[in-house]
Amino acid sequence: MNARVDDAGWSWWPAPAKLNLFLHITGRRADGYHELQTVFRLLDWGDRIGLRLREDGQVRRQGDGLAGVAEADDLAVRAARLLKEVANVEKGVDIVVEKNVPAGGGFGGGSSDAATVLVVLNRLWGAGLDENTLAALGLCLGADVPVFVRGHNAWAEGVGERLRPITLPQAWYVVVEPGVHVPTPLLFADPDLTRDSPQAKIEDFASGLLVGNVFEPVLRRREPAVEAVLAALSDIGTARLTGSGSGCFVEFDSQAAAEQGRAKLSKELRARVAAGVARSPLLDALEQH
Numbered sequence: 001m002n003a004r005v006d007d008a009g010w011s012w013w014p015a016p017a018k019l020n021l022f023l024h025i026t027g028r029r030a031d032g033y034h035e036l037q038t039v040f041r042l043l044d045w046g047d048r049i050g051l052r053l054r055e056d057g058q059v060r061r062q063g064d065g066l067a068g069v070a071e072a073d074d075l076a077v078r079a080a081r082l083l084k085e086v087a088n089v090e091k092g093v094d095i096v097v098e099k100n101v102p103a104g105g106g107f108g109g110g111s112s113d114a115a116t117v118l119v120v121l122n123r124l125w126g127a128g129l130d131e132n133t134l135a136a137l138g139l140c141l142g143a144d145v146p147v148f149v150r151g152h153n154a155w156a157e158g159v160g161e162r163l164r165p166i167t168l169p170q171a172w173y174v175v176v177e178p179g180v181h182v183p184t185p186l187l188f189a190d191p192d193l194t195r196d197s198p199q200a201k202i203e204d205f206a207s208g209l210l211v212g213n214v215f216e217p218v219l220r221r222r223e224p225a226v227e228a229v230l231a232a233l234s235d236i237g238t239a240r241l242t243g244s245g246s247g248c249f250v251e252f253d254s255q256a257a258a259e260q261g262r263a264k265l266s267k268e269l270r271a272r273v274a275a276g277v278a279r280s281p282l283l284d285a286l287e288q289h
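Going by UniProt numbering, the residue at position 228 of the sequence shown is 228; the numbering climbs one at a time, nothing skipped.
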């Protein structure tokens with residue numbers, strides 16, 4: 001998607017979703033956070049962010065916003081206010097988030113929204129912060145924000161902030177959101193969660209040895225809807241969970257195969273086909289702006 005400016009002065013920007021192609025927990029840090037290993041895969045599907053600069057210095061959310069999320073708690077708003085404070089920007093902005101990515105599905109929608117706001121406002125406000133600084137600001141907002149700031153598929157460690165770009169083959173995905181949301185802290189606290197997966201290397205992932213998501217057995221037990229979706233997807237391929245759930249997906253090596261797989265599923269699942277991308281559509285939009 002290209003960025004565009006409409007007659008009302010809004011510019012519109014992509015905020016792509018992601019998948020975790022595997023997810024392991026390898027330990028727990030002294031501060032209580034868990035050490036992860038995962039691969040982030042960016043998609044051509046996502047939210048859309050509208051930005052319109054203000055001269056009065058205010059940061060305001062326009063439109064309905066995410067149900068149940070106050071303006072002050074909205075990650076996109078928080079990202080703009082954080083950047084404004086750190087970079088000492090005098091201008092303000094109106095923000096619209098057009099949600100396509102379901103909240104709580106493990107697709108990174110809120111984190112991607114925040115990253116798009118940081119990256120684009122850094123340009124529009126002339127804040128002049130470099131990518132590393134923006135990624136560090138993003139980490140203050142959420143562990144998944146840095147990968148969207150950097151805009152490349154990545155091998156991730158730490159809480160998800162230590163990123164190494166990784167080249168992935170072209171792939172298409174049948175994606176389903178079961179429509180349930182279990183708060184991540186509850187999942188991390190579940191006694192059945194595996195927290196001591198052995199340390200792995202990128203080579204292990206490339207060879208196909210790294211599969212699975214430690215949250216999958218927990219969610220299968222806790223949420224019948226997740227169990228049902230994974231069972232349905234298993235009829236068309238290897239079904240997997242993304243993030244801490246509840247989104248599920250199957251990978252295919254061609255769009256035609258993905259479309260054929262989706263056609264075999266019940267329409268009640270509301271499955272979609274999304275393409276994996278080599279880099280974030282946001283980077284393309286910035287280059288073309």
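Virtual Cβ for every residue (Gly too), placed ideally from N, Cα, C.
Since the structure is predicted, the reported quantities are computational estimates derived from the model, not experimental observations.
| Is it right to say Asn88 is buried, meaning 16 or more other beta carbons lie within 10 angstroms of its own, or is it exposed? | Label assigned to Asn88: exposed.
| query | With DSSP run on the structure shown, which of helix, strand or coil describes Ile236? | reply | If DSSP states are grouped into helix, strand and coil, Ile236 belongs with coil.
| How many whole angstroms separate the CB atoms of Glu223 and Gly105, which I take to be in contact at a CB cut-off of 8 angstroms? | Actually they are not in contact, since the Cβ atoms of Glu223 and Gly105 sit about 12 angstroms apart, beyond 8 angstroms.
| field | Ile202, DSSP secondary structure in three states | value | If DSSP states are grouped into helix, strand and coil, Ile202 belongs with the helices.
| With distances taken from CA atoms, which of Leu75, Leu230, Arg78, Gln58 is nearest residue 361? | The structure shown does not extend to residue 361, since the chain is modelled only from 1 to 289, so the question has no answer here.
| field | Within-9 angstroms CB hit, Val226 to chain D | value | Among the protein chains of the structure shown there is no chain D, as only one such chain exists.
| request: Determine the burial state of Pro165: buried for a count of at least 16 other Cβ atoms within 10 Å of its Cβ, exposed for fewer. | output: Taking a 10 Å sphere around the C-beta of Pro165, we find fewer than 16 other C-beta atoms and assign the residue as exposed.
| said: Taking the straight line between their C-alpha atoms, what separation do you get for residue 302 and Arg262? | reply: Residue 302 is absent from the model: the chain starts at 1 and stops at 289.
| request: Put Glu35 into one of helix, strand or coil per three-state DSSP. | output: Here Glu35 sits in strand by DSSP.
| Using the beta-carbon count (16 or more within 10 Å), is Gln37 buried or exposed? | Answer is buried; the Cβ neighbour count reaches 16.
| field | Element boundaries [alpha helix (DSSP H), containing Gly110] | value | Here the alpha helix (DSSP H) through Gly110 covers 109–124.
| said: Let's test the definition: count the other Cβ atoms within 10 Å of the Cβ of Pro281 and tell me whether it reaches 16, buried, or not, exposed. | reply: In this structure Pro281 is buried. Its beta-carbon is surrounded by 16 or more other beta-carbon atoms within 10 angstroms.
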